[in-house]
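S.K.: The structure is given below, and queries will be raised subsequently.
Chains as they are written, first to last, in the working numbering: chain A, -15 to 289; chain B, -15 to 289.
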């Protein structure tokens, strides 16, 4: 007989590619999981895997004292917690919100303060790793928060993450670190597109560029991960252009408020905005190369088959 | 008795950190090596290791039918080959120039044509890997050129490089690939500085940023390699700021001539220029972070001891 963890039910608000993966990892670890999402397909995948459908964040919060909020941004986090049928009104004292959206550190800090007024604890816990790692329980969590919040969330975090960085005892540092990571990720994706554009327009074979650069000092995690999508001509989204329009927007807002000039981030942001302007917002983020192609006039590899 | 290769003597013009390492690797492989350099210290290191001092490129060329030119840029390559006491006037038919400087593909192509008028073969062979790999014989060579040139240079290339990419049968593609690599390398160094600046000004511990990012999707070869210099506060040059002012200048010239807009490269170039404006041109290229600090007003780790 295999051992399963007996834990209080855990809630997951937002069952998209990241939240859905987190819910799955929790179910696999033997937790009882309540979930809610506006998208029926996301909900069906979740209930098929053994999750319990909750009709609203408030309904979910009546069952769960530990809730992962895995939505896209600060506005959605705000809505599912404090909006109509939001979770906060139904949560008990000393329960814990694990806030996973990419937001500014300032928003995370203010959220912690407002939740504390309701005697709710918070972990500032943005996640990284993409859909595949969300589903396999191998996410990276860049987190900060009170020790009491970690005490209640530790077992669940272990089920969803390969690595949990603890960066401080209050909200803010988790989100600050995620912002630094997204700066680099966004700049590196745009730089990969810029470099591939230069190489292709210079007459180099796209496959040869990939081969040489992945073995040279010019490589980045993003170059290695994203350029194969350009080589295959398949821009089916794994992570979308519009995510980086959003995340580099957060990076630049944070910079403006510090204030700190971030010229590379600004240039990269413009390239994602241009790609979105071409109607590519929901294509894979590697499609930012088409914003270079639009003015550069070179051929990109076409999709096979 | 250990086996030593009997080869025609090989010439190395330019015995700085890269050329000096190449000469050393050739000596270690049992070749007889002639070298020349204007810097007496470089020359002494070379002769101490068993190399033979040549008073000029022309003098060196009377002895050697295979010559590595390991100078900084196109202008120096031009000078040592075609200037006063340049190598070309003294070279025999069918001898080979291995041109290692970072230049535009256009310059490399024109150099091949001009050398051919003197019945001299050429490999367009920019190198990558830095001083340590130059000295250990583990460089990466991004090369292109005629098969006959490779035939004569192969044994020597094997002695100096871990990997020799052959990208085509004429000059141009080697330099085009190096240009793509330098675009990424320069953008990634500046992005690493921009991200560390954002993180430090946001209140994150510099060491924690390095720890998290090197395990996340935001990592690059350059982030991993250069940020430790920022953390130690030691900007003793391994590769200098002014090298990237130069190399991103080549990237942007190539882009302008194609023409292809390269907004991230342009932004990164400005940061290196700003650092050079602060008098940091001969500091390590990671000192580009001081151009962020100059306006951002945050503290950087100080040198220990």
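Just so it is clear, CB atoms sit at the ideal spot from N, CA and C, and this is done for glycine as well. Remember, it's a predicted structure, so these values are computed and weren't measured experimentally.
Relative to the ligand GDP, is the shortest distance from any of its heavy atoms to the C-beta of residue 24 of chain A smaller than 8 Å?
M.R.: The ligand GDP is absent from the structure shown, which contains no ligand whatsoever.
S.K.: Here's the rule I'm using: 16 or more other beta-carbon atoms within 10 Å means buried, otherwise exposed. How should residue 304 of chain B be labelled?
M.R.: Since the first residue shown for chain B is -15 and the last is 289, residue 304 of chain B is missing from the structure and cannot be characterised.
S.K.: Would a check of beta-carbon distances place residue 280 of chain A closer than 9 Å to chain B?
M.R.: As a first step, residue 280 of chain A is located in the first chain; it is residue number 296 there, counting from the start. Output row for residue 280 of chain A: interface = yes.
S.K.: Using the C-alpha atoms, what's the distance from residue 35 of chain B back to residue 253 of chain A?
M.R.: Within the first chain, the letter at position 269 stands for residue 253 of chain A. Within the second chain, the letter at position 51 stands for residue 35 of chain B. Cα-Cα distance, rounded: 52 Å.
S.K.: Using CA coordinates, which residue listed in B:87, B:278 and B:7 is at the minimum distance from residue 126 of chain B?
M.R.: Mapped onto the second chain, residue 126 of chain B falls at position 142. When each option's Cα is compared against that of residue 126 of chain B, the closest is B:87.
S.K.: Between the C-alpha atoms of residue 47 of chain B and residue 24 of chain B, what's the straight-line distance to the nearest angstrom?
M.R.: Counting from 1 along the second chain, the entry for residue 47 of chain B is found at position 63. Counting from 1 along the second chain, the entry for residue 24 of chain B is found at position 40. Their Cα atoms are separated by approximately 21 Å.
S.K.: So does the region 157 to 175 of chain A actually touch the region 86 to 102 of chain A, counting three or more Cβ pairs closer than 8 Å?
M.R.: Taking 8 Å as the limit for Cβ pairs, the verdict is that the region 86 to 102 of chain A does touch the region 157 to 175 of chain A.
S.K.: So if I threshold CB-CB distances at 9 Å, which residues from the region 195 to 210 of chain B count as touching chain A?
M.R.: The residues in question are 195, 196, 197, 199, 200, 201, 202, 203, 204, 205, 206, 207 and 209.
S.K.: Can you name the residues of chain A whose CB is closer than 7 Å to the CB of residue 134 of chain B?
M.R.: Reading the second chain from its first residue, position 150 is the one you call residue 134 of chain B. Correct list: empty, because the minimum Cβ distance to chain A is about 17 Å.
S.K.: Can you look up residue 56 of chain B in the DSSP assignment and give me helix, strand or coil?
M.R.: As a first step, residue 56 of chain B must be located in the second chain, where it is residue number 72. DSSP places residue 56 of chain B in coil when its eight states are reduced to three.
S.K.: Strictly under 9 Å for the Cβ-Cβ distance: is residue 212 of chain B near chain A by that measure?
M.R.: Counting from 1 along the second chain, the entry for residue 212 of chain B is found at position 228. So no, residue 212 of chain B is outside the interface.
S.K.: Would you mind telling me which residues of chain A sit closer than 9 Å to residue 124 of chain B, beta carbon to beta carbon, in chain order?
M.R.: Mapped onto the second chain, residue 124 of chain B falls at position 140. Near residue 124 of chain B (Cβ distances below 9 Å), the residues of chain A are 196, 199, 200 and 201.
S.K.: Roughly how many angstroms separate the alpha carbons of residue 32 of chain A and residue 211 of chain A, rounded to a whole number?
M.R.: Numbered from its first residue, the first chain carries residue 32 of chain A at position 48. Numbered from its first residue, the first chain carries residue 211 of chain A at position 227. So the alpha carbons of these two residues sit roughly 34 Å apart.
S.K.: If you draw a straight line from the alpha carbon of residue -14 of chain B to that of residue 12 of chain B, how long is it in whole angstroms?
M.R.: Here the question's residue -14 of chain B lines up with position 2 in the second chain. Here the question's residue 12 of chain B lines up with position 28 in the second chain. Legend: pLDDT at residue -14 of chain B = 38, less than 50; position of this residue unreliable, value from coordinates given subsequently. Cα-Cα distance, rounded: 12 Å.
S.K.: Within 10 angstroms of the Cβ of residue 156 of chain B, are there 16 or more other Cβ atoms? Answer buried if so, exposed if not.
M.R.: Counting from 1 along the second chain, the entry for residue 156 of chain B is found at position 172. That one is buried.
S.K.: Rounded to a whole number of angstroms, what is the C-alpha to C-alpha distance between residue 265 of chain A and residue 225 of chain A?
M.R.: Counting from one through the first chain, the residue named residue 265 of chain A turns up at place 281. Counting from one through the first chain, the residue named residue 225 of chain A turns up at place 241. Whole-angstrom Cα-Cα distance: 5 Å.
S.K.: Between residue 121 of chain A and chain B, is there a C-beta pair that is closer than 9 Å?
M.R.: Here residue 121 of chain A corresponds to residue number 137 of the first chain, with the count starting at 1. No, its Cβ sits nowhere closer than 9 Å to a Cβ of chain B.
S.K.: How many angstroms separate the CA atom of residue 28 of chain A from the CA atom of residue 43 of chain A?
M.R.: Sequence index remark: in the first chain, residue 28 of chain A carries index 44 (1-based). Sequence index remark: in the first chain, residue 43 of chain A carries index 59 (1-based). Their backbone Cα atoms lie some 18 Å apart in a straight line.
S.K.: To test your reading of the DSSP string, which unbroken beta strand (DSSP E) runs of 3 or more residues are found completely within the region 126 to 161 of chain A?
M.R.: With a minimum length of 3 residues, the continuous beta strand (DSSP E) runs that stay inside the region 126 to 161 of chain A are 145 to 150.
S.K.: Do residue 59 of chain A and residue 65 of chain A have their beta-carbon atoms positioned less than 9 Å apart in this structure?
M.R.: Working through the first chain from its first residue, we reach residue 65 of chain A at position 81. Working through the first chain from its first residue, we reach residue 59 of chain A at position 75. No, they are not a contact pair.
S.K.: From residue 186 of chain B to residue 247 of chain B, what does the alpha carbon distance come to, in whole angstroms?
M.R.: Indexing the second chain from 1 puts residue 186 of chain B at position 202. Indexing the second chain from 1 puts residue 247 of chain B at position 263. About 26 Å.
S.K.: Residues in the region 242 to 261 of chain A with C-beta within 9 Å of chain B's C-beta atoms, listed in sequence order?
M.R.: Cβ contacts with chain B: 242, 243, 244, 245, 246, 247, 248, 249, 250, 251, 252, 254 and 255.
S.K.: Does the Cβ-Cβ distance between residue 21 of chain A and residue 6 of chain A come in under 9 Å?
M.R.: Mapped onto the first chain, residue 21 of chain A falls at position 37. Mapped onto the first chain, residue 6 of chain A falls at position 22. Cβ atoms of residue 21 of chain A and residue 6 of chain A: not closer than 9 Å.
S.K.: Of all the residues that make up the region 158 to 170 of chain A, which are near chain B by a beta-carbon distance shorter than 8 Å?
M.R.: Within the region 158 to 170 of chain A, the qualifying residues are 160, 161, 163, 164, 165, 166, 167, 168 and 169.
S.K.: Just to make sure I have the definition right: I need the residues of chain B whose C-beta is within less than 7 Å of the C-beta of residue 181 of chain A. Which are they?
M.R.: On the first chain, position 197 is the one that residue 181 of chain A refers to. Per Cβ cutoff of 7 Å: 244.
S.K.: From residue 232 of chain B to residue 144 of chain A, what distance separates their C-alpha atoms?
M.R.: Translated into positions along the second chain, residue 232 of chain B becomes position 248. Translated into positions along the first chain, residue 144 of chain A becomes position 160. Approximately 42 Å between the Cα atoms of the pair.
S.K.: Please confirm if the region 168 to 178 of chain A is in contact with the region 165 to 185 of chain B, defined as three or more CB-CB distances below 8 Å between the two stretches.
M.R.: Segments in contact, yes.
S.K.: Can you have a look at residue 230 of chain A and say buried or exposed, based on whether 16 or more other CB atoms are within 10 angstroms of its CB?
M.R.: The count along the first chain starts at 1 and reaches residue 230 of chain A at position 246. With 16 or more Cβ atoms within 10 Å of its Cβ, residue 230 of chain A is classed as buried.
S.K.: How long is the line joining the alpha carbons of residue 116 of chain B and residue 150 of chain B, rounded to whole angstroms?
M.R.: Position 132 of the second chain, counted from the start, is the residue given in the question as residue 116 of chain B. Position 166 of the second chain, counted from the start, is the residue given in the question as residue 150 of chain B. Their backbone Cα atoms lie some 23 Å apart in a straight line.
S.K.: Where does residue 213 of chain B land, buried or exposed, given buried means 16+ other C-beta within 10 angstroms?
M.R.: Position 229 of the second chain, counted from the start, is the residue given in the question as residue 213 of chain B. Result: buried.
S.K.: Leaving out five residues before and five after residue 222 of chain B in sequence, what residues of the same chain have Cβ atoms less than 7 Å from its Cβ?
M.R.: Walking along the second chain from the start, residue 222 of chain B turns up at place 238. Hits under 7 Å: 114, 115 and 268.
S.K.: In whole angstroms, what separates the C-alpha of residue 129 of chain A from that of residue 90 of chain A?
M.R.: Residue 129 of chain A sits at position 145 when you count from the first residue of the first chain. Residue 90 of chain A sits at position 106 when you count from the first residue of the first chain. One C-alpha to the other measures close to 14 Å.
S.K.: Would you mind sorting residue 274 of chain B into buried or exposed? The rule is 16 or more other CB atoms within 10 Å of its CB.
M.R.: Here residue 274 of chain B refers to the residue found at position 290 of the second chain. Buried, by the Cβ-count rule.
S.K.: Strictly under 9 Å for the Cβ-Cβ distance: is residue 186 of chain A near chain B by that measure?
M.R.: Locating residue 186 of chain A in the first chain gives position 202, where the first residue counts as 1. So, interface residue.
S.K.: Spatial neighbours of residue 82 of chain A within its chain, please: CB distance less than 6 Å, with the 5 preceding and 5 following residues excluded, ordered by chain position.
M.R.: Position 98 of the first chain, counted from the first residue, corresponds to residue 82 of chain A. The answer, listed in chain order, is 52, 107, 109 and 137.
S.K.: Run through DSSP, which three-state label would residue 257 of chain B get?
M.R.: Taking the second chain and counting its residues from 1, one reaches residue 257 of chain B at position 273. In the structure shown, residue 257 of chain B sits in a helix (DSSP, three-state: H, G or I).
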